[in-house]
Amino acid sequence: MTLKDILVRKSLLTSDQMEEAQKLQASEGLRFDRAVIQLGYMSELQMLELMSKQLHLPLVNLEKLEITPETLRALPPKIVYRKRLFPIARFNGTLRIATSDAFDLYALDDLHVLTGLNIQPVLAPSEDIEKLIKLHYGLGGDTLDEMVGGDEVSVTGNGAEGTEDLLEMAQEASVIRLVNEIILEAVKERASDIHLEPYEHEMSIRYRIDGVLQEASVPPQMHRFQAAIISRVKILANLNIAERRIPQDGRIKFQVGGRQIDVRVSVIPMLYGEGVVMRLLDKSNVLFTLPELGMDEGTFSIFKGLIERPHGIFLVTGPTGSGKTTTLYAALNALVGPNIKVLTVEDPVEYHLQGVNQIPVNHQVGMTFEKGLRAILRHDPDVVMIGEIRDLETARAAIQAALTGHLVLSTLHTNDAASAPMRLIDMGIEPYLVASTLIGSMAQRLVRRICPKCKVAHEPDRSSLPRDFEMAEGELLHKGAGCPHCRNTGFRGRTGLYELMVMNDEIGAKIIDRAPSNEIGAVARASGLRLLRDDGWVKVRQGMTTPDEVVTCTAL
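Position in the sequence shown (from 1) plus 484 gives the number in our numbering.
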């Protein structure tokens, strides 16, 4: 029976769908199964399951396989790249090959002639095969193989190339494709940053995923094209490729599958070439709603009440990269509406919020936080968001805005919620002004979530847990065993830990007396404040994260 007969007999396609697939097959010269998948009538996995039953070929899960070096050596990389066939096992004169195309018999015959081994095909989704190729043969390995084989780009040295040579090299189609692969892989892996680092005998590519740097598998020949790759990035960011002695900063905008990605590029000269860090700002991934931030119901309810107040200052505190701006964006997203005027002053404006008037800081022309804030107060806002309170002038402007009936949201660099008022006082703000305008402060951290696909329960070694982490007898915790879905880290995604302090008369009195932050914290705890560490331990017991994650980012 033909594939069409099988699909009809099993009622997997309607007559209309069959007709559409045949039209696409004829117009684009596709095989019928490819046409069906392209039209979305069946997924590739569904088609492979059908093929597996009809052709008696096993459908394997590549995620759980261990590939030996001997198996990898059985096939030349060029064959793997060109045919998208992957060797998964070698035994008794037989080579087991994973393929997503059950009908490519010529390729399998070629492998038999090339290797002298019996070829045993098994089926696997093309996406899983691609992951294995990148893992074992390196990111962009096929592109680099073409470049080395075809001499499309000359071998580079230690940065002494002429400007014209670098420009010509960076414009080669192969180099353009290679840089695109590096960026697209970062987007696919949910990376926040890409680090291109030159060393004497190699070029390292690392992605920051869920706050942790992870090394990408890179073919050794990547080092030969280091200057061309960096020059391509500089061209995209409108930087001067001839200047390799001083740091440069630029921006790139591009789209991936309908998503707009902004890339902030920083280039710094180093010993063996220029190092590049690219910060990826995915506009579709930053706009969380308040419930998605990871707050428990009690904290969420109090936080929502604070940001709905008509005036006052609310501060989100924490170190760089702890998600402060994301929290403020979620708050603004909840507040914005036809009856609310929201204005922000940011350095820089990272993401556009619909319905919010956003003003970028520009120090070159004297447009500072303080000047921007004073100007926007004349625009009759209800809510004002300041990217960060960095100095006395900005702090004074924020206090003035709160005193004149505006709700001011901003960020501050302190370790805990109780330190926020004292930081304002240290900047030079009078204690009575802080006590009368500050409505609350919230410290936060980000911890990695346990990967849901490899999450397992386990009984922890209680002696290794911190003494303040109390457990019931027989209680189990969770961890990630590691799988391809999480790059074998055991974690995928992040959630927040929160410490929310709400102002009251007792805390206000301590602020006016210039009491140290530990005394303010003690009063706040007596009023119901839950520390970051306590919130983290609750999330550990709920199976969201691990004790090590909480210990790493919180103090005892």
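Beta carbons are placed, not taken as given, at the ideal position from N, Cα and C, and that holds for glycine.
message = Between which residues of its own chain and Leu487 is the CB-CB distance below 7 Å, once the five residues before and five after are set aside?
response = Phe516, Asp517
Exercise. Just confirm the distance between the C-beta atoms of Leu616 and Ser715, as a whole number of angstroms; I'd bet it's less than 8 Å.
Key: Incorrect: roughly 31 Å between the Cβ atoms, too far for contact.
Can you look up Thr1038 in the DSSP assignment and give me helix, strand or coil? Here Thr1038 sits in coil by DSSP.
- Message: I'd like to confirm the pairing. Which residues does DSSP put opposite Thr1112 in its beta bridges?
- Response: Outside the shown range of the chain, which is 485 to 1040, sits residue 1112, and nothing can be said about it.
Handout entry: Classification of Leu755 by the beta-carbon crowding that lies within 10 angstroms, buried from 16 upward
Key = With fewer than 16 Cβ atoms within 10 Å of its Cβ, Leu755 is classed as exposed.
Mapping DSSP to helix, strand and coil, what is Thr801? Correct three-state label for Thr801: strand.
Q. Could you give the distance in angstroms between the alpha-carbon of Thr578 and the alpha-carbon of Tyr982?
A. 57 Å
Practice prompt. Starting from the Cα of Arg932, find the closest Cα among Leu559, Asp864, Val1035, Ala558 and give me that residue.
Written response: Of Leu559, Asp864, Val1035, Ala558, the residue nearest in Cα terms is Val1035.
Beta-carbon contacts of Gly641 that lie in its chain and below 6 Å, excluding the five residues immediately before and after: Only weak support exists for where Gly641 lies, its pLDDT of 45 falling under 50; the value from the coordinates is given anyway. Within the same chain, Gly641 has no close Cβ partners at all.
inquiry  = Alpha carbons only, please: which of Lys718, Asp900, Lys537 is nearest the one belonging to Ile736?
reply    = Lys718
Item to check | Limits of the unbroken alpha helix (DSSP H) element including Ala510 | outcome: 499-512
Query raised in the report: Secondary structure at Gly1027, three-state DSSP: helix, strand or coil?
Result: coil
Report task. Identify whether Asp1032 lies in helix, strand or coil by the three-state DSSP scheme. Result -> Note: Asp1032 maps to helix in three-state DSSP.
State the Cα-Cα distance for the pair Leu549 and Ala582, rounded to the nearest angstrom. 11 Å
Sheet register partners of Lys737 (DSSP bridge) = Asp746
Considering only their Cβ atoms, is the gap separating Gly964 from Cys935 smaller than 9 Å? yes
Practice problem: Quick one: using the 10 Å Cβ neighbour count with 16 as the cut-off for buried, is Leu497 buried or exposed? | Solution: buried
Along the beta strand (DSSP E) that carries Ala962, what are the first and last residues, could you check?
-> A small fix is needed here, since residue 962 is His in this sequence, not Ala. Note, His962: beta strand (DSSP E), 961-964.
Quick check on this structure: which residue in Gly600, Ile873, Ser584 has the alpha carbon closest to the alpha carbon of Pro542? Ser584
**Prompt:** For the region 859-884, which segments carrying the beta strand (DSSP E) assignment without a break, of at least 3 residues, lie completely within its bounds, in sequence order?
**Reply:** 867-870
Helix or strand or just coil, what does DSSP make of Tyr835? coil
| message | With H, G and I counted as helix, E and B as strand and the rest as coil, what does DSSP make of His679? | response | strand
At the level of alpha carbons, what is the spacing between Pro1031 and Pro950? 9 Å
_Coil, strand or helix - Leu496 by DSSP_ = coil
- Query: In the structure shown, what three-state DSSP assignment does Leu534 receive?
  - Reply: helix
Quiz prompt | the region 899-919 touching the region 770-787, judged by at least three CB pairs closer than 8 Å | solution = no
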